[in-house]
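Reading through the structure tokens given below for one structure.
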Amino acid sequence: MTETTIYHNPKCGTSRTVLARIREAGVEPKIIEYLVTPPSRAEMQGLLAAMNMKPRDILRRKGTPYDDLNLDNAALTDDQILDALGAHPILMERPVVVTAKGTRVCRPADVLQDIFPA
5 MTETTIYHNP KCGTSRTVLA RIREAGVEPK IIEYLVTPPS RAEMQGLLAA MNMKPRDILR
65 RKGTPYDDLN LDNAALTDDQ ILDALGAHPI LMERPVVVTA KGTRVCRPAD VLQDIFPA
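In structure tokens:
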């Protein structure tokens with residue numbers, strides 16, 4: 005099986021739950037604490053493409069500078085949203101899990117079932 009990767013925030017309960025489920029299945033994933041090591045712009049674009057999402061689709065509002073940055077402004081371009089994600093990785097919804105079966109934002113945690121072997 006291709007390596008499993010989780011873009012993880014250890015302070016997030018959902019992220020911890022998803023990591024625990026992966027480990028309970030006997031897999032030790034590559035863990036990227038995205039607040040410490042944010043994905044590059046190219047990596048973020050790759051993740052978004054794999055999920056068939058636009059940059060705006062992965063934005064997290066709660067507990068982030070979303071409102072301060074006026075990110076609900078529909079006139080903002082994808083490039084501007086990517087700039088905000090690069091400057092403020094906390095804006096990225098989590099956890100994002102990459103497996104051989106696909107890439108998903110696993111919120112709620114049950115989404116993991118879509119891409120992780122039982």
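Letter by letter, the sequence shown follows residues 5 to 122 of our numbering. Ideal placement from N, C-alpha and C gives every residue a C-beta, glycine not left out.
- Distance from the CA of residue 73 to the CA of residue 89, rounded to the nearest whole angstrom, comes to 11 angstroms.
- Restricting attention to beta strand (DSSP E) runs no shorter than 3 residues, the region 12-78 encloses them at 34-37, ordered along the chain.
- Between the C-alpha atoms of residue 108 and residue 71 there is a straight-line separation of about 25 angstroms.
- Residue state for residue 10 is assigned as strand, using DSSP reduced to three classes.
- Shortest Cα-Cα distance from residue 69 to any of 48, 52, 92, 49 involves 92.
- CA-to-CA, the gap between residue 57 and residue 33 works out to about 23 angstroms.
- By a beta-carbon distance limit of 8 angstroms, residue 48 contacts residue 86. Their separation comes to about 6 angstroms.
- Judged by DSSP secondary structure, residue 107 falls within the beta strand (DSSP E) whose first and last residues are 106-109.
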